[in-house]
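**Student:** To start, I am sharing the structure in question, which I have written as structure tokens.
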């Protein structure tokens, strides 16, 4: 069974790791977590720290850029699928049968 770790504890672990006064293994032992998890939380903390000081406008621009990138990625995927279907359908004849009631 996994134990739930609070956000406060995760932040404390990340701060300890950032300070660098103790080794990752020491921190993991103190907080009873896996050493890999310490690195993950440290990375998440560093990435999330900029959001604290960002303005709403900066967050909106970043959000808009993410939406735009996702849309371009989807367009590219659909174009590839469309080309694949065009190439694959040249050898097949389609027969449509309509049943009247």
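Residue numbers (the working numbering): 61 to 161.
Even for Gly, the Cβ is constructed at its ideal location relative to N, Cα and C.
Nearest-angstrom Cα distance between residue 75 and residue 113?
**Tutor:** Taking the chain shown and counting its residues from 1, one reaches residue 75 at position 15. Taking the chain shown and counting its residues from 1, one reaches residue 113 at position 53. So the alpha carbons of these two residues sit roughly 17 Å apart.
**Student:** Using the Cβ count rule (16 or more neighbours within 10 Å means buried), how would you classify residue 98?
**Tutor:** The residue labelled residue 98 in the question sits at position 38 within the chain shown. Buried: at least 16 other Cβ atoms inside 10 Å.
**Student:** Give a yes or no on whether the C-beta atoms belonging to residue 121 and residue 93 are separated by under 9 Å.
**Tutor:** Counting from 1 along the chain shown, the entry for residue 121 is found at position 61. Counting from 1 along the chain shown, the entry for residue 93 is found at position 33. In this structure, residue 93 does not lie closer than 9 Å to residue 121 by Cβ.
**Student:** Excluding the five sequence neighbours on either side, which residues of its own chain have a C-beta within less than 7 Å of the C-beta of residue 85, listed in chain order?
**Tutor:** Taking the chain shown and counting its residues from 1, the one referred to as residue 85 is at position 25. So the list reads 95, once near-sequence residues are dropped.
**Student:** Along the chain, where does the alpha helix (DSSP H) that runs through residue 62 open and close?
**Tutor:** Here residue 62 corresponds to residue number 2 of the chain shown, with the count starting at 1. First-last for residue 62: undefined, no H or E at that position.
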